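Trainee: This is the structure I have questions about; it appears just below.
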Amino acid sequence: MKTRTYAGIPAKYANPETAEIVLIPVPYDGTSTWNKGADKGPDAFLEASENMELFDIETGTEVYKRGVYLADPVLENSSPEKMVEAVHNKTKEFINKNKFVTVFGGEHSISIGTIRAFNDCFDDLSVLHIDAHADLRNSYEGTSCNHACAVYEASQTTNLVQVGIRSMDVTERDVNDDERIFYAHEMVQDDYWMDNVIEALTDNVFITFDLDAFDPSIMPSTGTPEPGGMLWYETLEFLRKVFETRNVVGFDIVELCPNEHDRSSDFLAAKLYYKMLSYKYEDIQEEEEFEMSESDNHSQFNQLKKFDLDDEN
């Protein structure tokens, strides 16, 4: 049987030894409290990715050629705490192999493990949390590894910057930092919110992207859809600026709850993932193309110089 690869890419681009990018699926839905189904998100995302064009028009790149290794999924689900530990360990394993590590959930509690791994490995880390919900409870329903607690630990151990927030519990007001939280209703009236977010970030940035940050008009298939969310092109403009100005060290995408009757959300998630990879490697590819061009010019110059010397003789 043919081994599944990310987006159906040829096996030569999916080799774990040579691929620059690793994708870890985490089909976990153990703590969600309303719409269930995030455990089916990774499969729906992967299926949509297999039906996606792989040339990105905006950047003019085919980022899959950097190599994308689809790792075995993290299947630990005996408890939220053990799931977080398993995600942490697997994420850190690939970071230590110098891979650009990405994770697709699963509900948002998986991000406790991913953030912990990146914080172990990168100094002065900022966590850019794009979400409808603050997720700042220190415990919920008897565990600190609940989706409602997804970035509480990050608020204590990293530079947490939150974007798109439009739903929170009153207790979370005591945790959030007003200088680093960008509410959706304020973003609508602020032409400079993107620049202000970037200014709040340190150089090393990990992005955790909850798909309910998007407006339900374009992303209805999430665990807890909230009205008044972000739209496609403003989100891409913002993400591209972040990738251009900061060292994005990795990212995760969470909370896709697929609907068999409407697969547009699956495809949006697939496109978002590929866009983020394309932005990450856009400048790197341009630099490599410039160096190759310079090398070719130098080679041509040497050939011309040889001919000149021959003519002189």
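Numbering (my numbering), first residue to last: 2 to 314.
For glycine and all other residues, C-beta sits at the position ideal for the given N, C-alpha and C.
Bear in mind the structure is a predicted one, so any value in this text is a computation, not a measurement.
#1: Taking C-beta to C-beta, are Leu-257 and Ser-218 nearer than 9 Å?
#2: So, with DSSP's three-state summary, where would you put Gly-107?
#3: In angstroms with no decimal places, state the Cα-to-Cα distance between Thr-115 and Leu-212.
#4: Are the stretch 154-167 and the stretch 247-261 touching by the rule of at least three beta carbon pairs closer than 8 Å?
#5: Hey, is Gly-31's beta-carbon within less than 9 Å of any beta-carbon in chain C?
#6: Does Met-220 come out as helix, strand or coil in the three-state DSSP assignment?
#7: So the beta strand (DSSP E) His-130 belongs to, where does it begin and stop?
#8: When you compare the CB positions of Phe-239 and Met-195, do they come within less than 9 Å of one another, or not?
#9: For Gln-157, which of helix, strand or coil comes out of DSSP?
#10: Between which residues of its own chain and Lys-93 is the CB-CB distance below 7 Å, once the five residues before and five after are set aside?
#11: To the nearest angstrom, how far is it from the Cα of Val-176 to the Cα of Thr-203?
#12: Closer than 8 Å: is that where the CB of Glu-51 sits relative to any heavy atom of the ligand PLP?
#13: Measuring only the C-alpha atoms, how far is Tyr-14 from Lys-98?
#14: What would DSSP say about Thr-4, mapped onto helix, strand or coil?
#15: Determine the contact status of Asp-125 and Gln-163, defining contact as a CB-CB distance below 9 Å.
#16: Is DSSP giving Leu-232 helix, strand or coil here?
#17: Do you know offhand how far Thr-103's Cα is from Ile-96's?
#18: Val-69 bridges to which residues according to DSSP?
#19: Rounded to whole angstroms, how far is the Cβ of Gly-397 from the Cβ of Gly-107, which I believe are closer than 8 Å?
#20: When you compare the CB positions of Val-75 and Val-88, do they come within less than 9 Å of one another, or not?
#21: For Tyr-141, which residues of its own chain have a beta-carbon under 6 Å away from its beta-carbon, when the five flanking residues on both sides are left out?
#22: Output needed for Leu-232: all residues of its chain with C-beta closer than 7 Å, excluding positions within five of it in sequence on either side, in chain order.
#23: Based on Cα-Cα distance, which residue from Ser-266, Tyr-275 and Ile-285 lies nearest to Tyr-65?
#24: Would Ala-271 and Ser-50 qualify as a contact pair, given that the criterion is a beta-carbon distance under 9 Å?
#25: With burial defined as no fewer than 16 other Cβ atoms inside 10 Å of the residue's Cβ, what is the status of Glu-18: buried or exposed?
#26: For Gly-230, is the classification buried or exposed, using 16 other Cβ atoms within 10 angstroms of its Cβ as the cut-off for buried?
#27: Would you kindly check if the distance between the Cβ of Thr-32 and the Cβ of Val-128 is under 9 Å?
Mentor: Let me spell this out:
#1: no
#2: coil
#3: 17 Å
#4: no
#5: Of the protein chains in the structure, only one exists, and it is not chain C.
#6: coil
#7: 126-131
#8: yes
#9: helix
#10: Ala-118, Asp-121 and Cys-122
#11: 20 Å
#12: Summarising the ligand content, the structure contains no ligands, and the ligand PLP is consequently not present.
#13: 17 Å
#14: coil
#15: no
#16: coil
#17: 10 Å
#18: Ile-22
#19: The requested residue 397 is not part of the displayed model; the chain covers only 2 to 314.
#20: yes
#21: Asn-147, Ala-149 and Cys-150
#22: Asp-216 and Ile-219
#23: Tyr-275
#24: yes
#25: exposed
#26: buried
#27: no
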